[in-house]
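Enquirer: I have a structure I would like to understand better, so I am pasting it below and will then ask my questions one at a time.
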Amino acid sequence: MEHCPGLETSKCGRPRVLSEAGKRYCVQKVTKERVSSAARVTKMLEKDFQMKIYPETVRRALRTAGLGAIKKEKKPFLPSDANVKKRLAWCKQHKDWTVDDWKRVICTDETKINRFNSDGREWAWIQSGERLQNHHVKLTVKHHGGSIML
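Add 56 to a position in the sequence shown, counting from 1, and you land on the number used in my numbering.
Written out as structure tokens, the structure reads:
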């Protein structure tokens, strides 16, 4: 910069709120401790570092570190291996059914009213190219899961 001799270009603009240690802290919480949301990481960061920070700052730090947010896949909660084996056997038994076979099945409509949490989106952070792990999946419960079926 010829018109401003002695001015360091690295010192331009507003100073960063989140230090390199803070960025590493955020990445560690998401990758090692499997904290799923930037809002939760923000609360932990504010508590541990006694600082005011916004979730968007944490999201930006995670993206810079190569992490990306994904919507958690919904998978049925199968608490035992026996349930997994039964479901697989049922799938294998019905895999060759035709459209006419399925037309003979009666499906009933149901309305679900949640008693506790919503069924809204849940997000997880994942490294690019990484395979889905168990903590990237939102487990769902069909019955007895805090909801009433009408």
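For glycine and all other residues, C-beta sits at the position ideal for the given N, C-alpha and C.
(1) Which residue from Trp158, Val86 and Val140 puts its Cα closest to that of isoleucine 126?
(2) Nearest to leucine 74 by alpha carbon, out of Ser93, Val97 and Ser92?
(3) Grab the span of the beta strand (DSSP E) containing alanine 121 for me, first residue to last.
(4) Can you tell me whether arginine 115 is buried or exposed? The criterion is at least 16 other CB atoms within 10 Å of its CB, across all chains shown.
(5) Count the other C-beta atoms from every protein chain shown that fall within 10 angstroms of the C-beta of tyrosine 81, then say buried if there are 16 or more, exposed otherwise.
(6) In this structure, does DSSP put methionine 57 in helix, strand or coil?
(7) Would you identify the three-state DSSP class for proline 290, choosing helix, strand or coil?
(8) Apply the 10 Å Cβ neighbour rule to tryptophan 153 and answer buried if 16 or more other Cβ atoms are within range, or exposed otherwise.
(9) Are there 16 or more other CB atoms within 10 angstroms of the CB of arginine 70, so buried, or fewer, so exposed?
(10) Quickly, what does DSSP pair valine 193 with across the bridge? List them, please.
Expert: In brief:
(1) Here residue 126 is taken as the residue at index 70 of the sequence shown, counted from 1. The shortest Cα separation from isoleucine 126 among Trp158, Val86 and Val140 belongs to Val86.
(2) What you label residue 74 is simply residue 18 of the sequence shown in a count that begins at 1. Closest by alpha carbon: Val97.
(3) Here residue 121 is taken as the residue at index 65 of the sequence shown, counted from 1. Neither: alanine 121 is in no beta strand (DSSP E) and is coded neither H nor E.
(4) On the sequence shown, residue 115 is found 59 positions in, with the first residue counted as 1. Flag for arginine 115 reads buried.
(5) Taking the sequence shown and counting its residues from 1, the one referred to as residue 81 is at position 25. Its Cβ being crowded by 16 or more others within 10 Å, tyrosine 81 is buried.
(6) Taking the first residue of the sequence shown as 1, we reach residue 57 at position 1. Note on methionine 57: pLDDT 49, under 50, position unreliable in the model; no value is reported.
(7) Residue 290 cannot be examined here, being either before or after the span of the chain that is shown, 57 to 206.
(8) As a working mapping, residue 153 is identified with position 97 in the sequence shown. Exposed, because fewer than 16 other Cβ atoms sit within 10 Å of the Cβ of tryptophan 153.
(9) If you number the sequence shown from 1, residue 70 lands on position 14. It is exposed - the Cβ of arginine 70 has fewer than 16 other Cβ atoms within 10 Å.
(10) As a working note, residue 193 is residue 137 in the sequence shown. Answer is Glu129.
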